[in-house]
Amino acid sequence: MEAVLRKVEKLKQNFRHSGGGSKFFNTAWRGEGTALQHELNSNDKSRQKNAVKRIIAGMTMGRDVSHLFMDVVKLGQTTNLELKKLVYLYVLSNAKLQPGKALMAVNTFLQDTTNPSPVVRALAVRTMMCVRVDSVTEYTLEPLRRAVNDLDPYVRKNAVIGIGKLFHNSRQLYEDQGFSTELLKLLTDKAAVVVSNAAAVVMEVNSNGGTPIVLERHHIMHLLDQIPGTTEWGQLNILELVSCTRPGDDRFAEDVVSRVMLQTNHTNQSVVMGAIKVIINYLPHCGQSTVNEVGVRINSALVTLSRGDPEAQYVVCKNIHALLVIFPNLLINNLDSFYVRFSDPPYVKLEKLRLLLKLVSNSSANGILKELEEYSTEVDPFFVEEVVKGIAELALKIDSVAQSCVALLLRIVKNRPELLPQVVTSCKNITRKYPKLLVLGTLISECGADGVVEEEAKVSLIWMLGEFCEFVENGMDIIRKYIEELMLHEPPVQLSILSAVIKMFLRDPQGMEPTLNTVLDALTTQSSDPDIRDRAYAYWRLLSKGIGVAKMKEIVHGHHAAVAVESTFSDAMTMGDLLKSINTAAAVFARPAQSFLPPYGFVTEDGSDEEEEDEEAEPQSSEPQVGSTEAAQPSLFDFGPPAASQLPAGPNNAAAGAAATSHRDPLEDLLGGGLPAVPPKPVVQQASTLDDLFS
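The numbering used here puts the last residue of the sequence shown at 685; the count rises by one with no breaks.
1) Assuming Ala291 and Thr254 are in contact, meaning their beta carbons sit under 8 Å apart, how far apart are those beta carbons, in whole angstroms?
2) DSSP on Asn564, reduced to helix/strand/coil?
3) Identify the continuous alpha helix (DSSP H) that holds Cys411 and give its terminal residues.
4) Using alpha carbons as the reference points, say which of Leu231, Met466 and Pro407 lies closest to Val443.
5) Grab me the residues of Tyr272's own chain with a C-beta within less than 7 Å of its C-beta, minus the 5 sequence neighbours each way, in chain order.
6) Would DSSP call Phe586 helix, strand or coil?
7) Here's the rule I'm using: 16 or more other beta-carbon atoms within 10 Å means buried, otherwise exposed. How should Gly277 be labelled?
8) Measuring alpha carbon to alpha carbon, tell me which of Glu283, Ser260, Asn319 and Thr280 ends up nearest Ser296.
9) To the nearest angstrom, report how far apart Glu(-8) and Glu72 are at their CA atoms.
10) What three-state label does DSSP hand Glu475 in the structure shown?
11) Leu100: which of Asp467, Leu347, Glu460 and Met119 sits nearest, CA to CA?
12) Assuming contact is defined by CB atoms lying nearer than 7 Å, are Leu213 and Val232 in contact in what I supplied?
13) Where Lys418 and Leu455 are concerned, what is the direct C-alpha to C-alpha distance, given to the nearest angstrom?
14) Tell me whether Phe317 sits in a helix, a strand or coil according to DSSP, three-state version.
15) Would DSSP call Phe372 helix, strand or coil?
16) For Ser486, collect the residues of the same chain with a Cβ closer than 7 Å to its Cβ; drop the 5 residues on either side in sequence, then sort them by chain order.
17) According to DSSP, is Arg249 part of a helix, a strand, or is it coil?
18) Looking at the structure shown, is Cys395 part of a helix, part of a strand, or coil, going by DSSP?
19) By DSSP, does Val449 sit in helix, in strand, or in coil?
20) With respect to the alpha helix (DSSP H) encompassing Leu213, which residues constitute its N-terminal and C-terminal limits?
21) Let me confirm a value: Lys379 is counted as buried when at least 16 other C-beta atoms fall within 10 Å, else exposed. Which label applies?
22) Could you give the first and the last residue of the continuous alpha helix (DSSP H) run that contains Phe157?
23) Of all Cβ atoms in chain B, is any one closer than 7 Å to the Cβ of Lys423?
24) On the premise that Asn356 lies in contact with Val391, defined as a C-beta separation below 8 Å, what is that separation, rounded to the nearest angstrom?
25) In whole angstroms, what is the alpha-carbon distance linking Pro202 and Gly566?
26) Mind checking which residues open and close the alpha helix (DSSP H) that includes Val553?
27) Report, in whole angstroms, the separation of the C-beta atoms of Val185 and Leu173, which I expect to be a contact under 8 Å.
28) Taking the beta carbon of Val204 as the centre, do at least 16 other beta carbons fall within 10 Å, making it buried, or is it exposed?
29) Taking the C-alpha atoms as reference points, what is the distance between Ala645 and Phe461?
30) Ends of the alpha helix (DSSP H) at Thr294?
31) If you compare alpha carbons, which of Ile151, Val121, Leu156 and Pro143 is closest to Ala95?
32) Taking only the alpha-carbon atoms, compute the straight-line gap between Pro335 and Pro300 and give it to the nearest angstrom.
33) Specify the secondary structure class of His28 as computed by DSSP and reduced to three states.
34) Answer yes or no: do Ala112 and Asn148 have a C-beta to C-beta separation smaller than 7 Å?
35) By Cβ distance, which residues of its chain are closer than 6 Å to Ala92, with the 5 residues on each side in sequence left out?
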């Protein structure tokens, strides 16, 4: 014990004597370069080491120390490992700025690749591969090939990483020298650390346009054998590579699944998700008994992960969204694990809420509705707005609780009037799917329309009035109030008013003719928005054709699109993208990886890509879209019209006919008529080095 205390005291004294390294960052003085040069050429190892440290400190602060390059490179032949690392760090940093001088250090690198010490050999190989200079890359090929066959696993591990850097810097050299064969051989290495790094490099090569490295069965089984002996990062690399392979038969798939299943009990969340990713890819080839057993284990693993730290919960919930697209019945019996807790941060609350709405079924709908009623009393206004949206989404998904959802929305807006705009917006889709519920009349009679002040809410309210104005007691008065202030509203609201008035005119041509004239005249003469003017002119020209009300209804009303529940993932993601996104950032962003990752290759400081990318266009993916019929996979876890009237020929006259003209209107082909067209009014035109070396 006394010896240990003496050693600790000695270390403290040395630290105080050295100044903790801060002394190397002092202000430069006149003649410092000459003094450093003398210290570099001295025979005292301590002085040499301090000189190199001061040079690196100056380099860190932006000083030009390139004139000392030759004096520093000569120290690379030292036997002192710390000094050698410092020299390599200096060379590596200056090689990027002065590629011409990098060749001067190649001889030192080549000598160190044959050094008796495996640490020195590995350091030399690592540094050479980090020097991204074309003239140096050619000298690295032979040392790299020797390092691949080195007896020491530490050297082989660095050689594997070097192959990855060679692929990154010069893909052509990688292909010409046949290093893909070396990578395949390293996947069967006896050292687990070599195998895990080789798996990472193979993943990079296969996912970035290199010649695909195809794994055989014995490669996959050897990878799985090495999982217990690697670090968590190594296990993740191996699982990621195995998840990209495809089983040859059902028996092999079940063997892989049974061996990977042990990793679902790992303490690291990422390793667990990596194991689930492998299982999800292999499960379609397994028997039903294996599927049932695995489903229970995956459910248990995901529930356990969902009880971790808030950050981990968020990522796990995002990955569960991807899993539910592939296997909709996953976690359907574990809803209580995703109930929102008062202590959850806002971002976790939102993800849990979305998961509950995605997992809801006919049997659990009433329980989820009670949960949503509790959530509506939260103090966070943004979360409560999302709860209101969720109640409307629940009504759209489960028909049996639609009436209860509407009643709950009315109670919410009665207790919290500030939520009226959000409730109105949410009721729009409910009204579209269930028009017989008469949501609008009850909502306006109990809450009124004066509190609807947000743009989206006003658009929704006006749309509902245009569709069901006759069923609202004072619906016509509300529309007239909006028309009186027509030009004071936002453009989307003006478009909604125009559409609503047209629909009401088609139901009552005589009574709505003056109102329609007023709206068309205001929008075609006073509006500065081209979209609004174009829409108004389009309606005017349709009306001026003199077609019947029945034909006009077919054009204006058309067919209502089906009400779509909000999608979690981008429509650009195929089923293959979803499988790849599990346990990656793509699942968190809910977008394909290529949409937010930069192009693969070395990017210089000025932002230009030094590597010439392959200009050949890759074939378009033929994988089905997530929302398409082809993308759907079977669940693997089975637990008499009114008379035509004379319609307006212009905004100011709803009864006059159109003037004849020689101009042929394109709408004639659409409407099948040869009636003269009225020309529209003119439209006004409005105008890191340390990471590489010491990783």
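No residue lacks a Cβ here, since even glycine has one placed at the ideal position from N, Cα and C. Only a predicted model underlies this, so the values are computations on that prediction, with no experimental measurement involved.
Considering the structure as presented:
1) Position 301 of the sequence shown, counting from 1, holds the residue named residue 291. Position 264 of the sequence shown, counting from 1, holds the residue named residue 254. Between Thr254 and Ala291 the Cβ distance is about 4 Å, and since that is below 8 Å, they are a contact.
2) In the sequence shown, counting from the first residue as 1, residue 564 sits at position 574. Per the sequence shown, residue 564 should be read as Thr rather than Asn. The DSSP-derived three-state label of Thr564 is strand.
3) Your numbering for residue 411 matches position 421 in the sequence shown. Note on identity: in this sequence residue 411 is Pro, with Cys being the wrong assignment. Leu410 to Lys423 is the span of the alpha helix (DSSP H), which, as asked, contains Pro411.
4) Position 453 of the sequence shown, counted from the start, is the residue given in the question as residue 443. Nearest C-alpha to Val443: Pro407.
5) Residue 272 sits at position 282 when you count from the first residue of the sequence shown. Excluding positions up to five away in sequence, the list reads Pro237, Ala243, Val246 and Val247.
6) Against the sequence shown, residue 586 aligns to sequence position 596. The answer is coil: DSSP assigns Phe586 none of H, G, I, E or B.
7) Locating residue 277 in the sequence shown gives position 287, where the first residue counts as 1. Exposed.
8) Indexing the sequence shown from 1 puts residue 296 at position 306. Ranking the options by Cα distance to Ser296, first place goes to Ser260.
9) As a first step, residue -8 must be located in the sequence shown, where it is residue number 2. As a first step, residue 72 must be located in the sequence shown, where it is residue number 82. For Glu(-8) and Glu72, the distance between alpha carbons rounds to 29 Å.
10) Here the question's residue 475 lines up with position 485 in the sequence shown. In this structure, Glu475 counts as coil in the three-state DSSP scheme.
11) Walking along the sequence shown from the start, residue 100 turns up at place 110. Selected option, being the one with the closest Cα: Met119.
12) Along the sequence shown, one-based indexing puts residue 213 at 223. Along the sequence shown, one-based indexing puts residue 232 at 242. Judged by beta-carbon spacing, Val232 lies within the 7 Å limit of Leu213, meaning their Cβ atoms are closer than that value.
13) Translated into the one-based positions of the sequence shown, residue 418 becomes position 428. Translated into the one-based positions of the sequence shown, residue 455 becomes position 465. Near 10 Å, if we compare the C-alpha coordinates of Leu455 and Lys418.
14) Working through the sequence shown from its first residue, we reach residue 317 at position 327. Under the three-state reduction of DSSP output, Phe317 falls in the coil class, being neither helix nor strand.
15) Sequence index remark: in the sequence shown, residue 372 carries index 382 (1-based). DSSP places Phe372 in helix when its eight states are reduced to three.
16) To locate residue 486, count along the sequence shown from 1; it is residue 496. Around Ser486: Val449, Ile452 and Trp453.
17) One-based indexing of the sequence shown puts residue 249 at position 259. Helix at Arg249.
18) For this step, residue 395 is matched to residue 405 along the sequence shown. Cys395: helix per DSSP, three-state reduction.
19) Position 459 of the sequence shown, counted from the start, is the residue given in the question as residue 449. Helix.
20) The residue given as residue 213 occupies position 223 in the sequence shown. DSSP places Leu213 inside the alpha helix (DSSP H), whose first and last residues are Arg207 to Asp215.
21) Here the question's residue 379 lines up with position 389 in the sequence shown. So Lys379 ends up on the buried side.
22) As a first step, residue 157 must be located in the sequence shown, where it is residue number 167. Start and end: Pro143 to Asn159.
23) The chain inventory of the structure shown lacks chain B, comprising one protein chain alone.
24) Here residue 391 refers to the residue found at position 401 when the sequence shown is read from its first residue. Here residue 356 refers to the residue found at position 366 when the sequence shown is read from its first residue. Contact holds; Cβ gap of about 6 Å.
25) Translated into the one-based positions of the sequence shown, residue 202 becomes position 212. Translated into the one-based positions of the sequence shown, residue 566 becomes position 576. When the Cα atoms are used, Pro202 and Gly566 turn out to be separated by approximately 17 Å.
26) Indexing the sequence shown from 1 puts residue 553 at position 563. From DSSP, Val553 is part of no alpha helix (DSSP H); its letter is neither H nor E.
27) Locating residue 185 in the sequence shown gives position 195, counting from the first residue. Locating residue 173 in the sequence shown gives position 183, counting from the first residue. About 11 Å; that fails the 8 Å criterion.
28) What you label residue 204 is simply residue 214 of the sequence shown in a count that begins at 1. It counts as exposed.
29) Taking the first residue of the sequence shown as 1, we reach residue 645 at position 655. Taking the first residue of the sequence shown as 1, we reach residue 461 at position 471. Note on Ala645: pLDDT 33, under 50, position unreliable in the model; no value is reported.
30) Here residue 294 corresponds to residue number 304 of the sequence shown, with the count starting at 1. Unbroken alpha helix (DSSP H) run through Thr294: Gln278 to Leu295.
31) Position 105 of the sequence shown holds residue 95. With respect to the C-alpha of Ala95, the residue from Ile151, Val121, Leu156 and Pro143 having the closest C-alpha is Val121.
32) As a first step, residue 335 must be located in the sequence shown, where it is residue number 345. As a first step, residue 300 must be located in the sequence shown, where it is residue number 310. Using only the alpha carbons, I get a separation of about 7 Å.
33) One-based indexing of the sequence shown puts residue 28 at position 38. Here His28 sits in helix by DSSP.
34) Start at 1 with the first residue of the sequence shown, and residue 112 comes out as number 122. Start at 1 with the first residue of the sequence shown, and residue 148 comes out as number 158. Taking 7 Å as the cut-off, the beta carbon of Ala112 is found closer than this to the beta carbon of Asn148.
35) Locating residue 92 in the sequence shown gives position 102, where the first residue counts as 1. Counting only residues of its own chain and dropping the five nearest sequence neighbours on each side, Ala92 has a CB closer than 6 Å to the CB of Ala85, Val121, Val123 and Val126.
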